[in-house]
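Visitor: Numbering (the numbering used here), first residue to last: 1 to 335.
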């Protein structure tokens with residue numbers, strides 16, 4: 001007799017966030033930098049405050065707080081976790097991985113839980129959900145996986161450019177578990193390396209450290225070129241790709257959660273998809289732009305506000321410098 005293998009699925013079980021307590025207003029930004037922000041800029045981005053991590057917080061400590069909240073909400077302990085994936089482009093250190101310190105902070109060292117970092121810049125949210133789902137569905141070793149995005153870009157600012165207003169600190173976590181029903185429906189990742197030198201922190205092993213440190217500004221975030229509207233162009237394509245792969249329509253979608261960098265782009269994309277603005281959610285007005293964490297923070301907020309309908313499709317769409325983009329669709333089956 002041939003054994004029939006039961007198919008494994010991955011589903012989202014819980015979420016968690018950490019929002020730093022320090023809030024900076026446009027008026028305080030002007031006081032610090034001498035820059036008065038254009039109202040039109042605030043309106044386009046939707047970013048009305050900056051959130052700043054206290055000096056005693058790090059990317060790993062913020063991630064730990066978000067993960068603990070996700071664990072508590074799921075009724076699980078760290079000993080129940082089979083894998084931790086951390087996404088950031090503002091790590092505690094170049095090496096070791098920030099996820100190693102996160103594991104220790106969560107009390108996971110004695111269980112030897114495997115960990116690794118992902119750096120698809122601010123596209124980490126979708127990339128980590130795709131990776132975690134793939135590992136759960138393909139291996140019985142991974143039944144509960146924690147993914148967390150953490151961001152501390154304020155530490156890399158020079159505080160002398162208007163665009164530095166956008167960046168905030170914070171962390172968002174998602175706990176995925178094995179399921180007998182989907183769960184995960186479809187995913188699509190893409191990248192375009194032609195844009196690698198547009199925006200970034202260009203410090204690393206591309207040349208001797210001594211040479212780089214001669215220019216003290218090399219370790220700061222640097223905007224070298226202005227991006228074309230890649231999100232406006234590709235976000236609709238990514239969503240339509242998932243709809244085709246997953247065999248669902250706009251009527252099946254309850255929420256699309258986007259990278260929280262520009263509100264006007266989010267609303268424009270929803271219009272291009274022919275979907276009402278009520279089917280997306282944004283938090284940049286109260287959390288600022290939190291990079292790798294922002295999509296998970298928006299997902300958590302939408303869930304807490306009762307905007308996610310059970311049994312319908314949630315899509316997470318994220319983008320980051322490089323240029324990296326990704327989208328993942330889940331049927332929301334709840335806990």
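We put the beta carbon where it would ideally sit given N, CA and C, even for glycine. Bear in mind that the values here come from a model prediction, so they are computed numbers and not experimental data.
1. Among 149, 110, 111, 107, which has the Cα closest to the Cα of residue 127?
2. Any chance the region 214-225 sits against the region 267-274, with 3 or more Cβ pairs inside 8 Å?
3. For residue 4, count the other beta carbons within 10 Å of its own beta carbon; 16 or more makes it buried, fewer makes it exposed. Which is it?
4. Hey, how far is the Cα of residue 20 from the Cα of residue 118?
5. Quick check on DSSP: helix, strand or coil for residue 132?
6. On a Cα-Cα basis, can you pick out the residue from 196, 136, 234 that is closest to residue 82?
7. Starting from the Cα of residue 84, find the closest Cα among 105, 167, 93 and give me that residue.
8. What does the Cβ neighbour count give for residue 2, buried or exposed, with the cut at 16 atoms within 10 Å?
9. Compute the beta-carbon to beta-carbon distance between residue 259 and residue 122, rounded to the nearest angstrom, for a pair I have assumed lies under 8 Å.
10. On the CB-based measure, 16 or more other CB atoms within 10 Å of its CB, does residue 204 come out buried or exposed?
11. May I ask you to report which of helix, strand or coil DSSP gives residue 1?
12. Classify residue 165: buried if its beta carbon has 16 or more other beta carbons within 10 angstroms, exposed otherwise.
13. Are the CB atoms of residue 329 and residue 248 nearer to each other than 9 Å?
14. Okay, do the region 40-59 and the region 69-80 touch, 3+ Cβ pairs below 8 Å being the bar?
15. Below 9 Å between beta carbons: does that hold for residue 172 and residue 16?
16. What would DSSP say about residue 215, mapped onto helix, strand or coil?
17. For residue 13 and residue 254, what's the separation of their Cα atoms in angstroms?
18. Along the alpha helix (DSSP H) that carries residue 230, what are the first and last residues, could you check?
19. When the distance is taken between beta carbons, is residue 154 closer than 9 Å to residue 53?
20. Check for me: the beta strand (DSSP E) holding residue 179 runs from which residue to which?
21. Give the DSSP bridge partners of residue 121, in chain order.
22. Taking the alpha-carbon positions, what's the residue 197 to residue 227 distance?
23. In three-state DSSP terms, what is residue 267?
24. Going by the beta-carbon positions, is the gap between residue 327 and residue 238 smaller than 9 Å?
25. Based on the DSSP output, what are the partners of residue 81 in its beta bridges?
26. Spatial neighbours of residue 229 within its chain, please: C-beta separation below 8 Å, excluding the five flanking residues on both sides.
Guide: Let's see:
1. 149
2. no
3. Unreliable placement is indicated for residue 4, whose pLDDT of 46 sits below 50; the coordinate value is still reported in the next sentence. That one is exposed.
4. 23 Å
5. helix
6. 136
7. 105
8. Note on residue 2: pLDDT 46, under 50, position unreliable in the model; no value is reported.
9. 6 Å
10. exposed
11. Low confidence applies here, because residue 1 scores a pLDDT of 45, under 50, leaving its location unreliable; read the following figure in that light. Coil, per DSSP.
12. buried
13. yes
14. no
15. yes
16. coil
17. 17 Å
18. 230-246
19. yes
20. 169-179
21. Its beta-bridge partners do not exist; DSSP assigns none.
22. 10 Å
23. helix
24. yes
25. In DSSP, residue 81 forms no bridge with anything.
26. 265
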